[in-house]
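Working notes for the structure below.
Protein chains: 2
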Amino acid sequence: MKWTDLDDNWCPVARTLSLVGDRWTLLILRDCFLGLSRFDQFVLSTGATRHLISDRLKRLVEAGILEKQAYSERPKRYEYVLTEKGHEFSPALVAFKDWGKKHLPVRRATQG
Amino acid sequence: MKWTDLDDNWCPVARTLSLVGDRWTLLILRDCFLGLSRFDQFVLSTGATRHLISDRLKRLVEAGILEKQAYSERPKRYEYVLTEKGHEFSPALVAFKDWGKKHLPVRRATQG
DNA sequence: GTTTTAAGTTCCAAATAAGAACTTTGTAAG
DNA sequence: CTTACAAAGTTCTTATTTGGAACTTAAAAC
Numbered sequence: 003m004k005w006t007d008l009d010d011n012w013c014p015v016a017r018t019l020s021l022v023g024d025r026w027t028l029l030i031l032r033d034c035f036l037g038l039s040r041f042d043q044f045v046l047s048t049g050a051t052r053h054l055i056s057d058r059l060k061r062l063v064e065a066g067i068l069e070k071q072a073y074s075e076r077p078k079r080y081e082y083v084l085t086e087k088g089h090e091f092s093p094a095l096v097a098f099k100d101w102g103k104k105h106l107p108v109r110r111a112t113q114g
Numbered sequence: 003m004k005w006t007d008l009d010d011n012w013c014p015v016a017r018t019l020s021l022v023g024d025r026w027t028l029l030i031l032r033d034c035f036l037g038l039s040r041f042d043q044f045v046l047s048t049g050a051t052r053h054l055i056s057d058r059l060k061r062l063v064e065a066g067i068l069e070k071q072a073y074s075e076r077p078k079r080y081e082y083v084l085t086e087k088g089h090e091f092s093p094a095l096v097a098f099k100d101w102g103k104k105h106l107p108v109r110r111a112t113q114g
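These protein sequences, in sequence, are chains A and B. Taking this note's numbering, the leading residue of the first sequence gets 3, the next gets one more, and so forth. Taking this note's numbering, the leading residue of the second sequence gets 3, the next gets one more, and so forth.
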């Protein structure tokens, strides 16, 4: 079964996962809540390949979670910002953050 | 970058994702909160392959999120139950559920 | 005119996942 | 004892996804 097949599952958790249920998508969303909005920022911050970031941003825009906005006309440059729908996803990330802070302490320093 | 490399990331969200940040793991956890606990139940309920379920359960046990408990001695049979650490993950799933209910209405009926 | 910056896309090798069949350990039925 | 059944995995082969580096496009800066 492909994970996008979950999009019509009876369970709202499964439907949510069909959209954002992978590591990089959620990491991109985290970045958005931290104020990042540009392609290369996501690449640097997440450590994912450009290919993946490209694909996930497309998905998130299609889903109405992010919005592509021009921040420069010449050269044409776009950034990705959270929609209202996207903003309302914050409780999930906060829950992840709280759980991680409590149960997964860092063992050595890294830059992410 | 491999996603398990996120386990020592400075960000608690990233660390959490390194453990549970994939579709099937989160679906298994949902099932646990719904009261399921056995291998074949997870296979049926999630629609994932036995291989995947096997792998993810192993990970979750190693991480101390689930506990393998014998429910029959002969034949030896085990079930998987949430630990305290696992139980404390519920706010994240509740957030997913709420978001899904609000933003992703079902289009046609399915069995999951 | 060469370098730099931003936002992607393309290519190929490597890793992961899908799907079905098979294994193991034991119970119950004929 | 031989067949059937059940639960919990494992194994196998094929398909899909991901990783990593290089390339593209468009304009500005040097």
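A virtual CB, placed ideally from N, CA and C, is assigned to each residue, including glycine.
For residue i, count neighbouring C-beta atoms within 10 Å of its own C-beta (all shown protein chains included) and say buried if the count is 16 or more, exposed if not.
i, result
"Lys-104 of chain B", "exposed"
"Leu-36 of chain B", "exposed"
"Asp-24 of chain B", "buried"
"Trp-12 of chain B", "exposed"
"Arg-32 of chain A", "buried"
"Pro-14 of chain A", "buried"
"Lys-99 of chain A", "buried"
"Gly-102 of chain B", "buried"
Tell me the DSSP secondary structure of residue i in three-state form.
i, result
"Leu-19 of chain A", "helix"
"Ala-72 of chain A", "strand"
"Arg-79 of chain A", "strand"
"Leu-84 of chain A", "strand"
"Gly-114 of chain A", "For Gly-114 of chain A, the predicted model reports a pLDDT of 43, less than 50, meaning its position is unreliable and no value from the coordinates is stated."
"Pro-107 of chain A", "coil"
"Asn-11 of chain B", "coil"
Leaving out the 5 sequence neighbours to the left and right, which residues in its chain are closer than 6 Å to residue i when beta-carbon positions are compared?
i, result
"Cys-34 of chain A", "Leu-84"
"Arg-27 of chain B", "Correcting the residue identity first, residue 27 of chain B is Thr in this sequence and not Arg. Same-chain partners within the cutoff: Arg-58."
"Ile-55 of chain A", "Phe-44 and Val-45"
"Ala-65 of chain A", "Leu-21"
"Lys-4 of chain A", "none"
"Leu-29 of chain B", "Thr-48"
"Ala-1 of chain A", "Nothing about residue 1 of chain A can be read from this structure; chain A reaches only from 3 to 114."
"Val-63 of chain A", "Lys-70"
Within a Cβ cutoff of 7 Å, which residues of the same chain sit near residue i, ignoring the five residues on either side of it in sequence?
i, result
"Ser-39 of chain A", "Glu-81, Tyr-82 and Val-83"
"Thr-6 of chain A", "Ser-20"
"Ser-92 of chain B", "Phe-35"
"Leu-95 of chain B", "Leu-31, Arg-32 and Phe-35"
"Lys-87 of chain B", "Gly-66 and Ile-67"
Excluding the five sequence neighbours on either side, which residues of its own chain have a C-beta within less than 8 Å of the C-beta of residue i, listed in chain order?
i, result
"Asp-9 of chain B", "Arg-17, Ser-20 and Leu-21"
"Val-108 of chain A", "none"
"Lys-78 of chain B", "Ala-72"
"Arg-61 of chain A", "Leu-21 and Thr-27"
Inset, instruction - Flag this pair as touching only if the segment 35-53 of chain A and the segment 39-55 of chain B have three or more C-beta atom pairs under 8 Å; answer yes or no. - result: Counting C-beta pairs closer than 8 Å gives fewer than three between the segment 35-53 of chain A and the segment 39-55 of chain B, which falls short of the contact rule.
Legend entry - Stretch-stretch touch, CB-based, cutoff 8 Å, three pairs: the segment 11-20 of chain B with the segment 67-85 of chain B: Contact annotation: the segment 11-20 of chain B does not touch the segment 67-85 of chain B, with fewer than three C-beta pairs closer than 8 Å.
Legend entry - Complete alpha helix (DSSP H) runs within the segment 25-67 of chain A (minimum length 4 residues, chain order): 25-35, 41-48 and 52-64
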